[in-house]
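Accompanying notes for the structure given below.
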Amino acid sequence: MLQSESKFRAYRLHAVALLVGVLSVGVVAYREFDAATGYLMDLSVFRDAGHAFLSGLPLYSADFPSSSGFRFIYAPFAAILFAPMAEIDPAVLQALWCALNLGLVWWMLKVALSKLDVGRPELLALLSMGPVLLLEPMRSNFDFGQINIILMALVVADCTGVIPQRFRGITIGLAAAVKITPAAFLLILLVRRDFRSIGRSLTTILVTVGLGFWLLPQSSVWFWTTEFFATGRAGAPDFFRNQAVTGVIARLGAEGRLASVLWVLSAAVIGSAAAWAAYRFTRSGEHLIALSIVALASLLAAPFAVTHHWAYSILLVPILIAPQYRSWRPLIGAATVIFLIGPNFVLQSSSSGWVEAAVREVIGSSQCLIALVLLGAAVVAARSRTPLPDAATDDVPADADALEPARS
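full-length UniProt numbering applies: residue 1 is where the sequence shown begins, and numbers increase by one.
Pasting the structure below:
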C-alpha cells in the first residue's frame, strides 16, 4: 500500500513537472516571438537616447529624437550605455534584448534557489520560467522592453555574493547610475556593516556622473539640477499602474503638501521597518529574505513605481518552493496569485459611487497592499530570528549561504 502511494506521488510529481515544463517552453517561445515581431516601446526610447548621444543631440529637450513620442528620463550615463543600440536593427535589437532578459530571469531564479538550499536549482529554475514570466510585472517588462530585469540582476549579483568580495558594491552602483532606485540596496550593505562595498558603490556612482558631465555636459547639468528632482517625470502619481504608496495616496484624493507629507511619513515608517527586519534576517544568515525585504520597501516607498518596476516579485516563487519557509506559503501564495493577475487594470474604469470606488481601489491597489502585508509579516517573523554566532554581517559566501536559515 505504501509502495503504491509512493509510486502515485512520483507519477503525479513527474506529471506536474511535465506540464510546468511545457508551459515554460511555450511562454519563453512566445516572448521571443513577440519581441522579434512586435514593438517594444521603452526599448525604442533607449535606442533613441543612444542615437542622441552619438549625434550630439539633447536628451531632455523637445529636440530629443523620439521615435515613440516618449521622453528619455534616465541619467545621461544611461544614454552612453545605450549608444551601441543605435547601430543595431530594431527588430534584431528587440530579439537580443528579450533573449538577454530571459537568460537573466533564469539565472536569478537559479541563484535564489541555490541560496535557499533547494536541490537541483538549475532544473527548478528552468521549470519555474513559465509561471514566473506570467507574473504581471514580468509581462509588463517584456511587453515594453524595459531595463528593470537587467538592473535587478546587477543587484542580485552584488547582494547574494555571486561576484568576488573585492568588487562588491560596484554593480549596485552601476544599477543606481542608470535608475536611482537600486541605491536603496546600499541598506543591505549597511546592515552587513560592509562599509568598503558602500564606498565602492558610491565611488562607482560618482564616476558615472563624472563621465556624463565629461561627455554630455549640457544634458548632465539639466538632469542633475532639474530633471532629477522632478518626481513626476515618469507619470502622475494617481496613474493606475503606480503601485507605490504614493499611488494609493493620490488616488484617495490627497494632493500637494498633504500628499507629500503622507508620502514622507509612510516612507519613513516603511524604511525603518525594512531596515530592522533586514538586519535581523541578515544576522540569522537569511540573506535572500533580507534582499527581498529591502526590495519591497524600495518599491513601496518610491515616489513612483509602476508595475514593471516590481521585477523583484519573481523572488516570491523561489521562497514559495523552499521547504524551510513552508509556513509562509499561504501568504506567499496569495501574493503570487495577486501578482499573476495584476488587477490594477480595474482602476481604469470610473465608479458610480463611493462604495464601488472603494472596492475598485482595494482591488486595483492590491499589489501595493499585499506588499505592505508581506512587509508587516516579515517584521513579525524577524522578531523570532536568533542571531547566529558566526553569521555573516559584512560578507556573503561567494558560492552558497554557509548558514542554515532559521525555520518558521
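Cβ coordinates follow ideal geometry from the N, Cα and C atoms, glycine included.
These figures come from a predicted structure and were not determined experimentally.
1) Tell me which same chain residues have a C-beta within less than 8 Å of the C-beta of W97, skipping the five on either side of it?
2) Below 8 Å, can you find three or more Cβ-Cβ pairs linking the segment 273-285 to the segment 339-351?
3) With a Cβ-Cβ cutoff of 7 Å, do S366 and P387 count as a contact?
4) Suppose the cutoff is 8 Å on Cβ atoms and the five residues either side in sequence are ignored; what does the same chain contact list for L174 look like?
5) For L320 and G333, what's the separation of their Cα atoms in angstroms?
6) Taking the alpha-carbon positions, what's the A99 to R12 distance?
7) Taking A275 as the reference, give the member of L190, S260, L316, E356 with the closest Cα.
8) Mind pulling the beta strand (DSSP E) runs of 3 or more residues that sit fully within the segment 246-280?
9) Do the segment 12-30 and the segment 117-133 make contact, defined as three or more Cβ pairs closer than 8 Å?
10) Determine, using beta carbons only, whether D158 and I149 come nearer to each other than 7 Å.
11) Any beta carbon of chain D sitting closer than 7 Å to that of P131?
12) Using alpha carbons as the reference points, say which of G376, L299, A259, L202 lies closest to T181.
13) What are the complete alpha helix (DSSP H) segments, minimum 4 residues, inside the segment 153-223?
14) Which word fits T225, buried or exposed, when buried means at least 16 other C-beta atoms lie within 10 angstroms of its C-beta?
15) Quick check: what's the CA-CA separation for S272 versus R385?
16) DSSP three-state call for V306: helix, strand or coil?
17) Between A79 and the rest of its own chain, which residues show a CB-CB distance below 6 Å, the 5 nearest in sequence each way excluded?
18) Quick one: what's got a C-beta closer than 8 Å to I249's C-beta in the same chain, skipping five residues either side?
19) Using DSSP bridges, identify the partner residues of N141.
In terms of the structure at hand:
1) Position 97 of the sequence shown, counted from the first residue, corresponds to residue 97. Contacts found: A35, L40, L43, G145.
2) no
3) For the purposes of this step, residue 366 is identified with residue 366 of the sequence shown, where counting begins at 1. For the purposes of this step, residue 387 is identified with residue 387 of the sequence shown, where counting begins at 1. No. Outside cutoff.
4) As a working mapping, residue 174 is identified with position 174 in the sequence shown. The answer, listed in chain order, is L154, T204, T208.
5) Stepping through the sequence shown from its first residue, residue 320 is reached at position 320. Stepping through the sequence shown from its first residue, residue 333 is reached at position 333. The alpha-carbon atoms of L320 and G333 are separated by roughly 7 Å.
6) As a first step, residue 99 must be located in the sequence shown, where it is residue number 99. As a first step, residue 12 must be located in the sequence shown, where it is residue number 12. Answer to the nearest angstrom: the Cα atoms are 32 Å apart.
7) Mapped onto the sequence shown, residue 275 falls at position 275. Of the residues L190, S260, L316, E356, the one whose Cα lies closest to the Cα of A275 is L190.
8) If we require 3 residues or more, the segment 246-280 turns out to have no beta strand (DSSP E) run fully inside it.
9) The answer is yes - the segment 117-133 touches the segment 12-30, with three or more Cβ pairs under 8 Å.
10) The count along the sequence shown starts at 1 and reaches residue 158 at position 158. The count along the sequence shown starts at 1 and reaches residue 149 at position 149. No.
11) Of the chains in the structure shown, none is chain D; there is only one protein chain.
12) On the sequence shown, residue 181 is found 181 positions in, with the first residue counted as 1. The candidate whose alpha carbon is nearest that of T181 is L299.
13) 170-178, 186-191, 195-215
14) Locating residue 225 in the sequence shown gives position 225, counting from the first residue. It counts as exposed.
15) Taking the sequence shown and counting its residues from 1, the one referred to as residue 272 is at position 272. Taking the sequence shown and counting its residues from 1, the one referred to as residue 385 is at position 385. Computed Cα separation, rounded: 18 Å.
16) Position 306 of the sequence shown holds residue 306. In the structure shown, V306 sits in a strand (DSSP, three-state: E or B).
17) The residue labelled residue 79 in the question sits at position 79 within the sequence shown. Excluding residues within five positions, the ones whose Cβ falls inside 6 Å are A49, F53, L59.
18) Position 249 of the sequence shown, counted from the first residue, corresponds to residue 249. Excluding positions up to five away in sequence, the list reads P237, A259, L262, W263, S266.
19) Position 141 of the sequence shown, counting from 1, holds the residue named residue 141. In the DSSP output, where bridge partners are listed per residue, N141 has none listed.
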